[in-house]
Amino acid sequence: MTTPNTPLWEVFIRSRNGLAHKHVGSLHAADTTLALQAARDIYTRRGEGLSIWVVPSSAITASDPAEKGMMFEPAESKIYRHPTFYDVPEEVGHM
Amino acid sequence: MVRSERTKRLIDLAVASISVSETPLVLYALRRADDALILGHRLSEWCGHAPMLEEDMALANMGLDLLGQARELYDYAAKVEGKGNNEDKFAYLRDVRQYRNLLLLEQPNGDFARTMVRQFFYAAFADLYWRTMMKSGDATLAAIAAKSEKETAYHVRHCSEWIVRLGDGTAESHARAQTAIDDLWAFTGELFEIDDSERALIDAGIAVDPAALRPPWLKLVSDIASEATLVLPKSGWMQQGGRSGLHSEHLGHLLSELQSMQRTFPGATW
Amino acid sequence: MYTQALNTSEAEDRNIEDAARAAQFQARVDAEERIEPNDWMPSAYRKTLTRQISQHAHSEIVGMLPEGNWITRAPSLRRKAALLAKVQDECGHGLYLYAAAETLGTSREELVDQMLAGKAKYSSIFNYPTLTWADIGVIGWLVDGAAIMNQIPLCRCSYGPYARAMIRVCKEESFHQRQGYEIMVTLSRGSEEQKAMAQDALNRWWWPVLMMFGPPDQASQHSDTSTKWKIKRFSNDELRQKFVDATVPQAQYLGLAIPDPGMKQNATTGHWEYSAIDWDEFKQVLAGNGPCNRDRITARRKAHDEGAWVREAAAAYAEKRKFRQAAQAAE
Numbered sequence: 000m001t002t003p004n005t006p007l008w009e010v011f012i013r014s015r016n017g018l019a020h021k022h023v024g025s026l027h028a029a030d031t032t033l034a035l036q037a038a039r040d041i042y043t044r045r046g047e048g049l050s051i052w053v054v055p056s057s058a059i060t061a062s063d064p065a066e067k068g069m070m071f072e073p074a075e076s077k078i079y080r081h082p083t084f085y086d087v088p089e090e091v092g093h094m
Numbered sequence: 000m001v002r003s004e005r006t007k008r009l010i011d012l013a014v015a016s017i018s019v020s021e022t023p024l025v026l027y028a029l030r031r032a033d034d035a036l037i038l039g040h041r042l043s044e045w046c047g048h049a050p051m052l053e054e055d056m057a058l059a060n061m062g063l064d065l066l067g068q069a070r071e072l073y074d075y076a077a078k079v080e081g082k083g084n085n086e087d088k089f090a091y092l093r094d095v096r097q098y099r100n101l102l103l104l105e106q107p108n109g110d111f112a113r114t115m116v117r118q119f120f121y122a123a124f125a126d127l128y129w130r131t132m133m134k135s136g137d138a139t140l141a142a143i144a145a146k147s148e149k150e151t152a153y154h155v156r157h158c159s160e161w162i163v164r165l166g167d168g169t170a171e172s173h174a175r176a177q178t179a180i181d182d183l184w185a186f187t188g189e190l191f192e193i194d195d196s197e198r199a200l201i202d203a204g205i206a207v208d209p210a211a212l213r214p215p216w217l218k219l220v221s222d223i224a225s226e227a228t229l230v231l232p233k234s235g236w237m238q239q240g241g242r243s244g245l246h247s248e249h250l251g252h253l254l255s256e257l258q259s260m261q262r263t264f265p266g267a268t269w
Numbered sequence: 000m001y002t003q004a005l006n007t008s009e010a011e012d013r014n015i016e017d018a019a020r021a022a023q024f025q026a027r028v029d030a031e032e033r034i035e036p037n038d039w040m041p042s043a044y045r046k047t048l049t050r051q052i053s054q055h056a057h058s059e060i061v062g063m064l065p066e067g068n069w070i071t072r073a074p075s076l077r078r079k080a081a082l083l084a085k086v087q088d089e090c091g092h093g094l095y096l097y098a099a100a101e102t103l104g105t106s107r108e109e110l111v112d113q114m115l116a117g118k119a120k121y122s123s124i125f126n127y128p129t130l131t132w133a134d135i136g137v138i139g140w141l142v143d144g145a146a147i148m149n150q151i152p153l154c155r156c157s158y159g160p161y162a163r164a165m166i167r168v169c170k171e172e173s174f175h176q177r178q179g180y181e182i183m184v185t186l187s188r189g190s191e192e193q194k195a196m197a198q199d200a201l202n203r204w205w206w207p208v209l210m211m212f213g214p215p216d217q218a219s220q221h222s223d224t225s226t227k228w229k230i231k232r233f234s235n236d237e238l239r240q241k242f243v244d245a246t247v248p249q250a251q252y253l254g255l256a257i258p259d260p261g262m263k264q265n266a267t268t269g270h271w272e273y274s275a276i277d278w279d280e281f282k283q284v285l286a287g288n289g290p291c292n293r294d295r296i297t298a299r300r301k302a303h304d305e306g307a308w309v310r311e312a313a314a315a316y317a318e319k320r321k322f323r324q325a326a327q328a329a330e
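And the structure:
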């Protein structure tokens with residue numbers, strides 16, 4: 000019997016001082032429990048993790064990079080969203 | 000015949016094994032240290048040969064946890080003994096009859112099912128044991144227990160997940176898991192045995208009476224076995240002897256390999 | 000993100016390789032932009048990277064075997080733990096790299112099958128045997144040292160997932176080389192037997208390590224496009240020379256002789272000029288005739304075959320669980 004390919008999962012870790020989950024890589028596991036355990040064993044051996052998310056790769060929909068213009072340009076032109084637009088007096092220090 | 004000083008020194012160094020002053024606390028620490036070392040060593044044998052890469056990682060992780068526990072316990076035994084021994088002397092220069100680990104742990108890896116069942120039987124006990132030992136009257140043992148409990152809790156979880164999958168997987172995995180349980184069951188009784196030297200430590204609030212851990216251990220093992228559609232043997236004859244150095248034939252071969260460098264090059268620093 | 004649905008299939012790539020897209024792609028690479036999995040890329044870029052990344056992954060996994068050979072005989076508990084951790088790291092590196100290779104559209108299973116069938120290569124160095132404990136020191140010192148030299152430039156490779164995997168790998172790699180070198184230092188300060196063991200290991204591994212960097216620049220067929228596409232950032236000879244220059248003083252510190260009586264330092268450039276490498280040996284090892292080629296593949300095949308029932312069990316259980324959960328939801 001040929002084993003079906005073991006499902007692929009994407010792994011996201013939020014570290015101790017992190018604010019958001021970051022994509023760190025992928026792994027193969029038959030189900031969610033094994034996926035979570037494998038993620039812990041592979042991606043948090045040096046104390047990197049505080050929270051782990053595993054998501055089946057097939058569940059992820061990505062934006063089409065060819066459509067970068069349409070999806071992202073409007074925000075790029077709205078410069079007041081970026082912190083560098085605002086002058087902060089030097090005396091106030093880093094913000 | 001005149002022997003040079005250097006030759007004589009080498010011969011002294013080459014006198015095989017060390018002797019150990021096995022006072023109750025030293026013996027107690029050595030038993031747990033040997034458990035951790037032997038089991039850790041067995042797990043390390045899987046490195047590069049596991050059924051999938053993710054499991055190579057997990058087995059190595061558990062092996063490293065156990066090696067860490069062994070080293071701390073040997074360190075403590077050496078300190079308590081106060082005769083100049085150390086972790087390497089204990090590990091590399093005691094012969095089979097001086098080793099004090101449970102018989103269960105020196106059993107060969109066999110297939111993946113056998114390794115998981117062996118690990119599960121032990122970890123299910125060790126988790127309860129370390130949790131109770133966190134309240135030991137001995138500060139060092141209590142501290143070792145606190146660290147070890149976290150590690151062991153994960154071992155229990157990992158192995159029980161696999162036992163469920165093997166038992167409730169395919170006909171082949173079920174058969175292998177059942178065989179492993181049937182073959183290893185007779186070694187589980189020793190987990191709960193004590194002798195007089197341990198009795199003294201229990202009375203002093205330093206050691207925990209493992210007999211008290213048998214009911215929760217059996218409950219956990221039964222629950223997992225049941226979820227895995229596996230059957231536990233009716234409690235039959237239990238093997239013993241590891242705690243007093245009466246081992247199976249497997250340990251001699253294991254130690255031959257483990258100790259080979261230090262036995263071949265007496266007195267060398269590595 | 001890495002969903003294959005958004006990646007164009009190989010057939011489409013071959014048809015639609017229009018000049019405009021290729022030029023745009025090259026411009027991005029020239030501007031040091033990262034290429035990501037769903038970006039358009041020439042099919043040759045995809046193919047080359049898949050080959051390179053997967054071979055890199057295979058090397059990490061096969062590389063577990065020569066060092067794994069000494070875990071059960073490590074001569075102290077500290078060495079035992081360090082070696083087990085190192086080999087585990089290598090497994091992890093293999094996993095990061097397979098994950099990166101998979102983003103290019105080939106599954107890990109397919110890539111591994113290629114290796115087990117002898118169709119894909121792994122680094123030649125792992126076809127040599129670890130005969131003594133000193134070999135473990137030399138591998139950490141020289142083999143990992145050579146790997147680091149190769150991997151640091153790859154952290155800036157044009158393909159995002161590969162570059163990121165390399166950053167992760169490099170962070171973990173420095174412990175490996177230090178561990179190996181420390182073993183060498185200990186041996187060099189030990190008994191006459193230990194010193195001889197160290198020298199013997201260096202004698203056996205030196206030339207195979209130099210071969211790790213690949214054939215001399217004029218002989219290598221893959222280099223030109225790899226350089227253009229910023230997959231390969233330095234030439235074989237450049238890296239090899241850099242490695243030799245870094246390593247000679249390290250050997251001198253250990254009191255060990257590099258097994259190259261003809262090697263001499265160039266008074267002007269300062270480079271250590273090494274003697275001619277026996278590329279016939281390299282060719283033989285690549286062709287499968289190294290001391291351990293058969294053993295390595297046999298070991299990996301055995302692990303794969305004997306693990307099949309475990310993987311099947313996990314898959315079967317996952318199916319059963321899905322079925323039960325669906326049945327419960329339907330109630």
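Chains as they are written, first to last, in numbering that gives the first Met the number 0: chain A, 0 to 94; chain B, 0 to 269; chain C, 0 to 330.
Note that the Cβ used here is the ideal one computed from N, Cα and C, for glycine as well.
Treat the numbers as computed from the prediction; the structure is a model and nothing was measured.
Could you check which residue in the options has the C-alpha nearest to that of residue i?
| i | options | result |
| --- | --- | --- |
| B/Gly-136 | B/Leu-219, B/Thr-22, B/Leu-200, B/Gln-68 | B/Leu-200 |
| A/Thr-5 | C/Glu-109, C/Phe-24, C/Glu-35 | C/Glu-109 |
| C/Arg-50 | C/Asp-259, C/Tyr-161, C/Met-183 | C/Tyr-161 |
| C/Leu-153 | C/Gln-283, C/Ala-164, C/Ser-106 | C/Ala-164 |
| C/Ile-52 | C/Arg-27, C/Ala-22, C/Gln-23, C/Ser-157 | C/Ser-157 |
| B/Val-155 | B/Ala-144, B/Thr-131, B/Ala-138, B/Ala-125 | B/Ala-125 |
| B/Thr-22 | B/Glu-4, B/Glu-80, B/Gly-62, B/Leu-183 | B/Glu-80 |
| B/Lys-233 | B/Thr-131, B/Trp-184, B/Ala-145, B/Ile-205 | B/Trp-184 |
| A/Ala-29 | B/Pro-50, B/Tyr-121, B/His-173 | B/Pro-50 |
| C/Ser-173 | C/Gln-150, C/Leu-186, C/Ala-73 | C/Gln-150 |
Going by beta-carbon coordinates alone, are residue i and residue j separated by less than 7 angstroms?
| i | j | result |
| --- | --- | --- |
| B/Asp-110 | C/Leu-76 | no |
| C/Phe-125 | C/Met-210 | no |
| B/Trp-45 | B/Leu-58 | yes |
| B/Asp-34 | B/Asn-100 | yes |
| C/Ser-274 | C/Asp-294 | no |
| B/Phe-71 | B/Ile-17 | Checking the displayed sequence, the identity of residue 71 of chain B turns out to be Glu instead of Phe. No. Outside cutoff. |
| B/Gly-166 | B/Ala-227 | yes |
| B/Leu-53 | A/Ala-37 | A small correction: the amino acid at residue 53 of chain B is Glu; Leu does not occupy that position in the sequence shown. Their beta carbons are under 7 angstroms apart, which means B/Glu-53 touches A/Ala-37 by this criterion. |
| A/His-27 | A/Leu-49 | no |
| C/Ala-331 | A/Gly-24 | Because chain C spans 0 through 330 in this model, residue 331 of chain C falls outside it and cannot be assessed. |
| C/Pro-41 | C/Cys-291 | no |
| B/Ala-112 | B/Arg-175 | yes |
Give me the Cα-Cα distance between residue i and residue j, rounded to the nearest whole angstrom.
| i | j | result |
| --- | --- | --- |
| B/Ser-259 | B/Arg-93 | 12 angstroms |
| B/Thr-263 | C/Ala-218 | 46 angstroms |
| B/Glu-171 | B/Ala-90 | 38 angstroms |
| C/Ser-8 | C/Val-111 | Note that C/Ser-8 scores 48 on pLDDT, short of 50, meaning its location in the model is unreliable; the coordinates nonetheless yield the value given after this. Distance between the alpha carbons of C/Ser-8 and C/Val-111 is about 21 angstroms. |
| B/His-246 | B/Leu-103 | 10 angstroms |
| C/Gln-240 | C/Asp-88 | 27 angstroms |
| B/Leu-42 | C/Met-63 | 15 angstroms |
| C/Arg-93 | B/Trp-236 | The sequence given here places Gly at residue 93 of chain C; Arg does not occur at that position. Cα-Cα distance, rounded: 46 angstroms. |
| C/Lys-263 | C/Gln-176 | 25 angstroms |
| C/Arg-232 | C/Ala-119 | 23 angstroms |
| B/His-249 | B/Ser-255 | 10 angstroms |
From the DSSP secondary-structure annotation, give me the bridge partner or partners of residue i.
| i | result |
| --- | --- |
| A/His-22 | A/Phe-11 |
| A/Ser-50 | A/Arg-13 |
| C/Lys-263 | C/Glu-272 |
Quick check on residue i: does DSSP put it in helix, strand or coil?
| i | result |
| --- | --- |
| C/Trp-206 | helix |
| B/Trp-161 | helix |
| C/Tyr-252 | helix |
| C/His-175 | helix |
| C/Tyr-44 | helix |
| A/Pro-55 | strand |
| B/Ile-193 | coil |
| A/His-27 | strand |
| C/Glu-9 | Unreliable positioning characterises C/Glu-9 in this predicted model, as indicated by a pLDDT of 47, which lies under 50. A coordinate reading is not provided. |
| A/Pro-73 | Below a pLDDT of 50, predicted positions are generally treated as unreliable, and A/Pro-73, at 49, falls in that range; no measurement from the model is reported. |
| C/Ile-70 | coil |
| C/Ile-34 | strand |
| C/Tyr-121 | coil |
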